[in-house]
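Just so you know, the sequences run in chain order A and B. What the first sequence shows, in our numbering, is residues 1 to 724, in sequence order. What the second sequence shows, in our numbering, is residues 1001 to 1724, in sequence order. All C-beta atoms, glycine included, are put in the ideal place defined by N, C-alpha and C. Working notes, structure below.
2 protein chains.
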Amino acid sequence: MIKTMVVTFLTVFLLAFLSLTSLANEGMWLLDFISQLPIDSMKALGLRLNPEESYNPKGGGIADAVVKFGGATGAFVSPEGLIITNHHVAYTAVQRQSTPEHNYLGDGFYAQTKEQELPAIGYNVYVIKSFEDVTQRVLSALNERMSDLERYKAVENITKEIIRKAEKGKDVKCKLVSMYGGSQYYLFTYFKIRDVRLVYVPPLSVGEYGGEIDNWMWPRHAGDFAFLRTYVAPDGKSVNYSKENVPYNSKVYLKLSSSGIKEGDFVMLIGFPGTTKRYESSFSIDKMVNHDYPKDIRTRQEVISILKEASAEDSSVAIKLSSRIKGLNNYLKKNQGMLEGFKRAQILQGKIEEEKLLKEFLNENPKLNKNYGHILPELDNLFKEYKKFQDKKFIVEWMTDRCDFLDFASTIYKWSLEKKKKDQDREPGYQDRDTLETKEWLEDTQVNLVPSTDKKVFGYFLTKALQLPFGQKIGAIEKVFEGAEKKDRNKILEEFVNDLYEKTELGSVEERLKMFGMNEGELEKQNDPFINFAKQLEVEREELRKKKKEFSGALTRLEPKLIQAYAEWKKKRLYPDANGTIRFNYGQVKGYVPQDAVSFRYITTLAGVMEKNTSQEPFDVPEELEEVYSKKDFGSYFDESIGDVPVNFLSTNDITNGNSGSPVMNGKGELVGLAFDGNYESISADYLFDPELTRAINVDIRYVLFLLDKVYHVEGLLKELSIH
Amino acid sequence: MIKTMVVTFLTVFLLAFLSLTSLANEGMWLLDFISQLPIDSMKALGLRLNPEESYNPKGGGIADAVVKFGGATGAFVSPEGLIITNHHVAYTAVQRQSTPEHNYLGDGFYAQTKEQELPAIGYNVYVIKSFEDVTQRVLSALNERMSDLERYKAVENITKEIIRKAEKGKDVKCKLVSMYGGSQYYLFTYFKIRDVRLVYVPPLSVGEYGGEIDNWMWPRHAGDFAFLRTYVAPDGKSVNYSKENVPYNSKVYLKLSSSGIKEGDFVMLIGFPGTTKRYESSFSIDKMVNHDYPKDIRTRQEVISILKEASAEDSSVAIKLSSRIKGLNNYLKKNQGMLEGFKRAQILQGKIEEEKLLKEFLNENPKLNKNYGHILPELDNLFKEYKKFQDKKFIVEWMTDRCDFLDFASTIYKWSLEKKKKDQDREPGYQDRDTLETKEWLEDTQVNLVPSTDKKVFGYFLTKALQLPFGQKIGAIEKVFEGAEKKDRNKILEEFVNDLYEKTELGSVEERLKMFGMNEGELEKQNDPFINFAKQLEVEREELRKKKKEFSGALTRLEPKLIQAYAEWKKKRLYPDANGTIRFNYGQVKGYVPQDAVSFRYITTLAGVMEKNTSQEPFDVPEELEEVYSKKDFGSYFDESIGDVPVNFLSTNDITNGNSGSPVMNGKGELVGLAFDGNYESISADYLFDPELTRAINVDIRYVLFLLDKVYHVEGLLKELSIH
């Protein structure tokens, strides 16, 4: 279902008194903080721009060229709304337009004219209009006597109130987010562009060269880039796809540098990193290491094997399931790497040690201890309580997220309940402002819907639910087996699932939209078995929601204080964790030493692409590229210092998921690359940034230009770009 | 069964007229050629010795310190017969002395006094007494009118004749080997020491740190060394183990250098490389790439899985099968690497191309073409003929080699036939001189004999034999199913195998030795079912032997000529392929670039050992080592230039199987390391040496000394060594 950004938390503390020490390369800084970064030492490294040329609240800074996709980043590269991002960001859009006859995914796609551009179904682009610190407005709604649940609800209400007022009468989408676990609140105002079109994508064997094998790996050799274009109504309003629409006028756009990078060069990056947890407590990390990740990994593997089995049987099903498998796989490797990284970097042990030292520091400062001494014991208790419902929560959430039919049913039923409330009082994601997106989702999902596979996945989760420990059983499911003997359970389960999928009407877009329009009474009269099941399940989802809110409410009380305690102890400038908002980061082009006796160079080459070529996916170099390589027709894209055409490069930039497609810029703000991955050692950097080992993997913009120019001869697109 | 060195081939050509060009690092040179190597440029690199200090036919050169094991190398390091070699060379000896109570393999072994030294069961050490060029004597037995089979037999006869004369009345073992495919013949005279004892081996987790995972890999962190001692009778004669024996007086022994190596240093190596095929024709390589290696790999995998299954069921069986699995695995990885290397280095395509160019060269030189033009077409035909029996040959040989009971039966039966002939006329390996070794083998094998597993392996090969193509069926096996329906075959097979293993007496050492002493008639009267089966099989083994001899005879005619043709074309000094005889090689300490953007440093460190530590096999660092590491008690073994204790290093030396344990020496002839492996990229170097990628992996002698001194406190042994 539509994911809305969870908006939470409170309690203020001021960072201003902290001494400003440079955390070289680590740090995802808010744009309004750029001017306070160590500009002089950045200039010594190679920065040429003044802070206001990077970001200017009045507009015109290069940050204005950077845009947000659902969970990724892109950048304008022409005044006509042309965006560059990663191939893997455009992947689902390309896949949705691909058929066995027009295999754009496999062959690549190029629209020579604007008329040939194809809709990127389900894609939206968010352009930042403004953002502001609204901490005082949020905090004014809270008081010290509130319970955790009251606190949670108060933040939720004031959030909705602020957003409602900000969006009212304007063609904008607003998001309110907390920083530092809830000490600061920012309101972001976006212009949401709904008409996005595909302009150019390279063949899969270039864009995703190396596939799953190379994912998260260095050395890397992927041409992971794509171009899309944004459109608006002739009057400038944001509207859905229409022939009458005109390209969005992107006043600020990035110039491309053809002069390239070399080791040691200063590079900066702007993007929308999704989530980091750099200030997490040991209790939370224990939960992740010993529950969340192991369970997530096992579940992903099992669901992937169900989807792969279905794909093997039918090639049209395979196309439909491909981006789903891709998504599951991407996080599978990430989460495995995370667990390994936790172990290698001994993050849990390190946190426990750090908290011990913090306690000692507080004990030596009775005044501070009075303020902060209670936090760690409270967090300990809080996570112990959480354990009592974590298994049930895991199954209910995965089941609803990963089974399309159950997701439809649960969302539609929940809407019928929420609709009865005042807009202001509803759950986030179920307000009038969410109606359009929900409808779009109910429609767009149809392209990749495979009922027979969905049924298998649903059956899998039901079986898992039966194995839940006592005290965490799911009533809606247990009810199915009421009175039955244990040995008959499999048969009953099979019949139950068959019945649901046979009799439901949710497989049709029309019926889904119809049901979405109904009120609770009308919906119940439909007597759709999936809606009936969702109704049963909603009782328990609501109970879990409440527990989670209490838990979150308590965290918003405790986490900001924990961060504050660390700040008191370390006397250090801290940056807020990533939360999907725009951030600035700077670093250097740099290789690393992954293990004893092994060095990784900062850059890969075209010869390296050929070296890996097996002529079989995922290492199947297209003929056109092989030909240009054998002719050595490299033109100006040949880099003397490496003796070849550059392909990917490493930098010390601090990135995470959500940064995919982020522009990597030289000191002059010119585009030199696109971030598309982190190295394997960087996966655990979401929790602990190790400057020796953490690296961003970027496509060299010279490889992009080489492919467009020498290999695929995409002259029109090249002409539109501004290459310096 | 006992492997005797295949002694073959003829036809002379002289290399003297060729210009001498240095093939940097490539080349396994005969000792009598050292003085003709580019000594001046070697001295410029760091050589300090004069040629006669390396090898002096009159004795005293450092080469005299280098000794041969069955298929490996060692070196004397004290005047009292103390030998250093690899842990994996001593492995089987250690394993044969290990029990669940005394787990020397796991815990390591150290004899503080000579009395505590344990027999290395089945181990022999060969010390070179002399060698001489006997080409003229061999060639005098041949003439141009002989058929290929006649030629083969003539070489075999003269070989036996020469050996017989050379060994007569002397306490020596002789081997006659052909060089350059049969243009030159050398007679090697060895003093064979039969009483070999274990002195010191580190724990498995040091000696084989990294196990199968790291095998053939860099970066490497193994302490792959061991010490053994050689004993002779008080009068100096070679005898079996006896308490009265005294240490062998090794006049020449190597000094150890404690000053270490650094990148770029000159290093030289002397050892007994087993087999290279650097001058192979494309037809032969085609056979290997498309038949021999794929089939070998599959068979190894399947046999290993049978042995592993048996090991999983019983830990005492696991100990018995361990060195067998190790052997199969080692060549499995090697052969897989070989196939990959063939592909990566495009060796087949390269050879085809080279032969095309050779043909062109010959076509332009009618006189040479008359001599050499016929060779390639003849080789082509020869290998086509070979294909007609290669599958049958493969099964018969693997079956006899890998099933102990069948190996006993076939060997004993074959002896009963050969015994009837004059010594001179027998098959090699079945002469009087081989009696003792065969008896030793019949005895020593008992330690690791597991009849139940042997039966499974035998059954596996019988099933494979049934799948042979028509025209290559094995009569002895087909006979078992005579008249039976296809569907009954499995049952019949099972009964047949059960019967063999139930009724045979070959499981007892006593019975085996008794049968070994019998003549054919007596043996047949025994009516042992395994002997009966071996008798049936012998008919076909004999036929295959004959075909192989014809094939080999033809090769001895053609291959020397092919090498000569190459020499004519390339005007280049060529060295003979490795054939288990002693060779000299020089190179440099050097890292390499295995793939785009990755560099391998020349040396690994103790920190790297700890980095890999998982506390689980094969990465389970012993506590003693962890403790010394945590105390940083490195003493003089700490290398300032790398900031740590060195562990393993890379050099450009040209090595292959058989070089295991070879001393790596600095320019002064002091021991700086022990070769124990090649890198993965070097596996295909047996066919094509790539100076960019081929590297020897060596234990740094400083790691050996650090372990003896700081970790295991083996003072007595350290005192015996001569450390400079």
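Which of helix, strand or coil DSSP assigns to residue i
| i | result |
| --- | --- |
| D1265/B | coil |
| R1145/B | coil |
| M1665/B | strand |
| M515/A | helix |
| Q795/A | Not covered by the structure: residue 795/A. The range shown for chain A is 1 to 724. |
| P1377/B | helix |
| M42/A | helix |
| M179/A | strand |
| F109/A | strand |
| T1159/B | helix |
| I1723/B | strand |
| T21/A | Caution applies to T21/A, whose pLDDT of 32 falls short of 50 and renders its modelled position unreliable; the value that the coordinates give is listed next. Three-state DSSP puts T21/A in coil, outside helix and strand. |
| R1137/B | helix |
| F470/A | coil |
| T8/A | Bear in mind that the predicted position of T8/A carries a pLDDT of just 25, short of 50, making it unreliable; the figure below should be weighed with that in mind. In this structure, T8/A counts as coil in the three-state DSSP scheme. |
| L339/A | helix |
Cutoff 8 Å: residue i Cβ touching any chain B Cβ
| i | result |
| --- | --- |
| I603/A | yes |
| A607/A | yes |
| S599/A | yes |
Cross-strand partners of residue i (DSSP beta bridge)
| i | result |
| --- | --- |
| S452/A | Per DSSP, none; premise fails for S452/A. |
| F191/A | V127/A |
| A226/A | T85/A |
| Q1616/B | F1619/B |
| T1438/B | Partner(s): none; T1438/B has no beta bridge. |
Integer Cβ distance of residue i from residue j, believed to fall under 8 Å
| i | j | result |
| --- | --- | --- |
| H1724/B | E1670/B | 6 Å |
| R1278/B | F1689/B | 7 Å |
| D224/A | H87/A | 5 Å |
| F649/A | I261/A | 6 Å |
| A1065/B | V1089/B | That belief does not hold up - the Cβ atoms of A1065/B and V1089/B are roughly 16 Å apart, past 8 Å. |
Range covered by the beta strand (DSSP E) that runs through residue i
| i | result |
| --- | --- |
| N1679/B | Counting along the chain, N1679/B falls outside any beta strand (DSSP E), and DSSP gives it neither H nor E. |
| V593/A | Y592 to Q595 |
| I603/A | I603 to T605 |
| N648/A | P646 to S651 |
| Q1588/B | R1583 to Q1588 |
| F1076/B | T1073 to F1076 |
| A696/A | A696 to D700 |
Alpha helix (DSSP H) segment containing residue i, residue limits
| i | result |
| --- | --- |
| Y372/A | P366 to Y372 |
| P100/A | Note, P100/A: premise wrong, no alpha helix (DSSP H); not H, not E. |
| V1396/B | Q1390 to R1402 |
| I477/A | G475 to E478 |
| S1552/B | P1529 to K1570 |
Below-8 Å beta-carbon distance, residue i vs any chain A residue
| i | result |
| --- | --- |
| F1706/B | no |
| D1596/B | yes |
| E1611/B | yes |
| F1634/B | no |
Closer than 9 Å between beta carbons: that is the criterion. Which residues of the segment 1208-1224 of chain B meet it against chain C? The structure shown contains no chain C; the protein chains it does contain are A and B.
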